[in-house]
Structure formats: C-alpha cells, structure tokens
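Residue numbers (our numbering): 1 to 339.
Cβ coordinates follow ideal geometry from the N, Cα and C atoms, glycine included.
Computed from a predicted model, the values in this text were never measured in an experiment.
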C-alpha cells in the first residue's frame with residue numbers, strides 16, 4: 001500500500017521482533033514511571049527532570065503530561081534561577097519542538113507547547129519567523145489543516161502585536177489563499193481560509209462601488225473554479241457560503257434597485273445548469289453538487305426572497321429525487337427532505 005513493500009516475516013523474525021518490542025516497552029514504562037514520580041510525587045523541577053522529558057518526548061510526543069512537566073520545569077527552574085549557567089534558550093526549545101513536528105506534524109501537544117513558548121516570549125521577530133516557517137510547512141503539505149490552523153493563529157498574534165499592519169496582513173493572507181487554490185483547487189483548507197478572510201477584506205474598503213467590485217471579482221473567480229472542477233466539493237462548499245453570507249448578501253441587495261443579489265443568484269444558477277447539462281451529456285447522470293447548490297438557490301428564491309414563480313418552476317422535489325439516485329450514500333437524508 002502507498003508504494004511500501006510488504007515484508008514476509010518468518011516465525012524466527014517475528015519472535016525476534018517481539019523480544020525487541022518487549023525491551024522497548026519495558027524501557028518506555030520505566031521512563032514513564034520516573035517522570036510521574038518526579039512530577040507528581042517529588043515536584044522535582046531541575047535539569048535532570050528536563051532531560052528526562054526530552055528523552056521520553058522523543059519516544060512519544062503525544063504524552064501530554066510530559067509537556068506539562070516540561071513547562072513547569074521551564075517556569076520553576078530555568079526562569080527562576082539567576083545562575084547564568086542555567087539560562088534558558090527559547091530558540092533551542094523551539095528547535096526541539098520543530099524536530100518533533102517534522103516526525104509528527106499532526107500531534108496537537110507539540111503545537112500546543114510551541115505556541116506556549118512563543119506566547120511567553122511574545123517577540124515580534126519570532127512571530128514573523130514563525131509565519132515564514134508555516135510557509136515552508138504548507139509548501140510540503142498544502143492541505144495540512146493543523147498547519148492552516150496554526151497559520152491563522154500566528155497571523156492573529158502578528159495583528160495583536162502590530163495592529164497597524166492588520167489590513168496588510170489580511171491582504172497578504174488572502175493573496176496566499178489564491179496562490180494555494182490556483183495550485184490545487186481541491187485544497188479545502190485554503191478555501192476555508194479564504195472564507196474567513198473575505199468579509200474582513202470587504203470591511204477594509206471604503207464605499208459601495210469598491211465593495212461591489214471586489215464581490216464581482218470573486219464571483220468571476222468562483223465561476224471559473226466550478227467550471228474547472230465540478231466534482232470537487234471544496235469549491236461548492238465555498239460557493240454555498242458565498243451566496244448565503246450576510247455581509248455579501250447585504251451589499252448585493254443594496255444595488256441594482258434591490259435586485260443585485262437576485263441577479264447574482266440567477267447568474268450562478270445559469271452557470272450551474274450548464275455544468276450539470278454537460279455532465280449529463282458526458283456521463284448520463286446529474287452532478288450531485290450541482291443539484292445540491294441549485295436546491296439552495298431555489299430555496300433562497302422561493303422561501304427567503306419570496307420571488308414570484310411566474311415562468312420559473314420549483315424543481316426542488318425533482319432534484320431531491322434525482323439525488324436519491326446519484327448520491328445513494330445520503331439517500332435517507334433526501335428521502336427525509338422529500339416528506
């Protein structure tokens with residue numbers, strides 16, 4: 001699986017492996033007991049205990065009690081000691097967490113300890129370095145949601161330390177999502193980040209015309225995205241958010257005699273119908289995401305905007321019946337909605 005060759009172990013090799021594993025388990029348990037005694041019983045905050053946490057965290061970085069003990073040692077030994085020989089090196093501690101993250105990039109407790117270190121020092125240069133570091137991490141794994149969550153946190157700390165740069169940071173981060181989406185349209189984390197930034201980007205602009213221009217540009221970008229990959233759920237989830245976000249809806253309803261929002265919905269509806277018709281022609285089946293978003297749009301038309309049906313037909317039941325066929329994993333949900 002995933003390019004890794006399966007090994008065929010003989011009984012002798014299995015026996016040897018079990019013996020090695022037993023030795024490792026025994027060693028780990030001994031270290032674990034030492035740590036718990038030093039921390040919970042003796043409250044031993046010293047260099048020896050600090051080294052013990054390093055050893056055990058190298059073996060198991062998911063042991064949260066070891067991270068807690070490590071922080072206690074930093075606070076009660078290193079930072080309380082006036083002896084220059086035991087001065088604490090924060091950069092070295094950050095390097096230690098980075099070594100762990102390279103091996104285990106999705107372990108919460110490593111991220112937690114790293115942010116604790118950065119918050120305690122709270123140096124603007126450190127936060128800026130951290131943002132560059134996240135750039136490198138996401139270059140390796142652009143979909144790592146831990147990395148994206150951490151990026152949002154780092155940016156929030158930079159804004160907190162330099163409020164005057166908040167608008168520039170928002171602009172830079174929004175452009176960053178564009179770069180990541182252009183490289184991989186199915187990067188859900190990038191779309192999610194974009195959704196969190198877009199309202200702030202709107203609020204930075206002065207005047208209705210500037211806000212509307214930004215929205216129109218995003219409509220164009222989003223329309224291009226759904227035509228590029230109609231099978232990818234990330235784009236459709238962002239589209240659903242975009243047409244229902246209160247800030248965006250409010251701005252659109254201000255213009256075109258109050259019909260701006262309605263016209264945008266019609267524009268998306270027409271584009272989605274084209275995509276779905278192409279899918280039917282190609283595969284003989286409807287695109288389930290096209291149907292889902294068309295239902296959302298028609299619900300807004302008829303239930304929220306109270307649009308007069310006139311020549312427009314309410315196809316929601318028909319589309320739900322189609323979804324029962326093309327999306328059987330969610331069949332019961334659609335049957336429930338049809339009641």
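Where the alpha helix (DSSP H) through residue i begins and ends
| i | result |
| --- | --- |
| residue 97 | 90–103 |
| residue 177 | 166–183 |
| residue 135 | 124–140 |
| residue 312 | Run containing residue 312: none; DSSP gives neither H nor E here. |
| residue 201 | 188–204 |
| residue 303 | No alpha helix (DSSP H) holds residue 303; DSSP gives it neither H nor E. |
| residue 225 | 208–228 |
| residue 80 | Where residue 80 is concerned, there is no enclosing alpha helix (DSSP H), given that its DSSP letter is neither H nor E. |
| residue 269 | 260–283 |
| residue 65 | 64–73 |
| residue 58 | 47–59 |
| residue 86 | Counting along the chain, residue 86 falls outside any alpha helix (DSSP H), and DSSP gives it neither H nor E. |
Closest residue to residue i among the options (Cα-Cα distance)
| i | options | result |
| --- | --- | --- |
| residue 99 | 121, 60, 74 and 79 | 60 |
| residue 264 | 288, 304, 329 and 219 | 219 |
| residue 168 | 184, 205, 189 and 133 | 205 |
| residue 93 | 104, 70 and 141 | 70 |
| residue 102 | 262, 159 and 58 | 58 |
| residue 262 | 244, 31 and 232 | 244 |
| residue 253 | 274, 212 and 241 | 212 |
| residue 112 | 147, 164, 273 and 14 | 147 |
| residue 56 | 79, 192, 72 and 29 | 29 |
Other residues of its chain near residue i: CB distance less than 8 Å, five sequence neighbours each side excluded
| i | result |
| --- | --- |
| residue 1 | With a pLDDT of 41 at residue 1, under the threshold of 50, the predicted position of this residue should be treated as unreliable, and no value is reported. |
| residue 304 | none |
| residue 328 | none |
| residue 322 | 286 and 291 |
| residue 131 | 151, 154, 155 and 158 |
| residue 288 | 323, 326 and 327 |
Cβ-Cβ distance between residue i and residue j below 8 Å
| i | j | result |
| --- | --- | --- |
| residue 134 | residue 108 | no |
| residue 129 | residue 105 | no |
| residue 334 | residue 324 | yes |
| residue 35 | residue 10 | no |
| residue 174 | residue 201 | yes |
| residue 124 | residue 171 | no |
| residue 114 | residue 97 | yes |
| residue 240 | residue 296 | yes |
| residue 294 | residue 318 | no |
| residue 110 | residue 88 | no |
Residues near residue i in its chain [Cβ-Cβ closer than 6 Å; skip 5 each side]
| i | result |
| --- | --- |
| residue 199 | 247 |
| residue 320 | 334, 337 and 338 |
Own chain, CB closer than 7 Å to residue i, minus 5 neighbours either side, in chain order
| i | result |
| --- | --- |
| residue 314 | 298 and 302 |
Take every Cβ of the segment 32–42, pair it with every Cβ of the segment 50–67, and state whether three or more of those distances are shorter than 8 Å. Short answer: they touch.
Closer than 8 Å is the cut-off here; do at least three beta carbon pairs connect the segment 155–162 with the segment 180–187? The answer is no - the segment 180–187 does not touch the segment 155–162, with fewer than three Cβ pairs under 8 Å.
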